[in-house]
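Asker: The sequence shown: position 7 = 82 (our numbering), numbered continuously.
Note that beta-carbon positions come from the ideal geometry of N, C-alpha and C, so glycine has one too.
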Amino acid sequence: MSYGTAITLDRPHDEVVEKVRAALKEQGFGVLTEIDVQATMREKLGEQMQPYLILGACNPPLAHRALSADPSIGLLLPCNVVVRLHEGRTVVEALDPNIMVEATGDASLSPIAAQAATKLNAALDTVANQSA
Numbered sequence: 076m077s078y079g080t081a082i083t084l085d086r087p088h089d090e091v092v093e094k095v096r097a098a099l100k101e102q103g104f105g106v107l108t109e110i111d112v113q114a115t116m117r118e119k120l121g122e123q124m125q126p127y128l129i130l131g132a133c134n135p136p137l138a139h140r141a142l143s144a145d146p147s148i149g150l151l152l153p154c155n156v157v158v159r160l161h162e163g164r165t166v167v168e169a170l171d172p173n174i175m176v177e178a179t180g181d182a183s184l185s186p187i188a189a190q191a192a193t194k195l196n197a198a199l200d201t202v203a204n205q206s207a
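So, in structure tokens, the structure goes:
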């Protein structure tokens, strides 16, 4: 089962993170949370790993519509976007918002999820085109 979409770039991790932030903002998303998994694993477990950042992206109008349709949908928010290093290349992955519809079985969320997916895909396309 696919639960996201990804792009792989030959650009430095930190550079891609900034491009992702800008592209998300351009599509109306704010970054509500930021989890530096690499730092957390190092600090809490003494484990080393490649750079791995989870950005919790939220488009307020879409989130409001989703929460109005199903107040429990907050369990599946925000839309996570991962920027990680893999084999020397930077991978950007975005959760497919249609997972909300599949997980809840609530068809009223379909148009909201579709719009969120369109915006997230546009953000990834922007990052890919800027990095080509």
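Determine the extent of the alpha helix (DSSP H) in which Ala144 is found, giving its start and end residues.
Answerer: Element bounds for Ala144: 135 to 144.
Asker: At what residues does the beta strand (DSSP E) containing Arg159 begin and finish?
Answerer: Arg159 -> beta strand (DSSP E) spans 154 to 161.
Asker: Contact between the region 103 to 114 and the region 174 to 187: three or more CB pairs below 8 Å?
Answerer: Verdict: no, contact absent.
Asker: Specify, as a first and last residue, the run of the alpha helix (DSSP H) that Ile253 falls within.
Answerer: Examination of residue 253 is not possible in this model, given that the chain is present from 76 through 207 alone.
Asker: List the whole-angstrom C-beta distance separating Ile82 from Val167, where the pair is believed to meet the contact cut-off of C-beta under 8 Å.
Answerer: Correct: roughly 5 Å between the Cβ atoms.
Asker: Note down the Cα distance separating Leu151 from Pro126, rounded to an integer number of angstroms.
Answerer: Approximately 24 Å, taken between the alpha carbons.
Asker: From Thr80 to Gly121, what does the alpha carbon distance come to, in whole angstroms?
Answerer: Approximately 31 Å between the Cα atoms of the pair.
Asker: Specify the secondary structure class of Arg86 as computed by DSSP and reduced to three states.
Answerer: Note: Arg86 maps to coil in three-state DSSP.
Asker: For Asp111, write down the residues that DSSP places opposite it in a beta bridge.
Answerer: Looking at the DSSP assignment, Asp111 forms a beta bridge with Leu128.
Asker: Take Ala192 and list the residues in its own chain whose beta-carbon comes closer than 7 Å to its own, dropping the five residues that flank it on each side.
Answerer: So the qualifying residues of the chain are Asp171, Pro172, Asn173.
Asker: According to the Cβ coordinates, are Cys133 and Pro153 closer than 9 Å?
Answerer: Yes, these two residues count as a Cβ contact at 9 Å.
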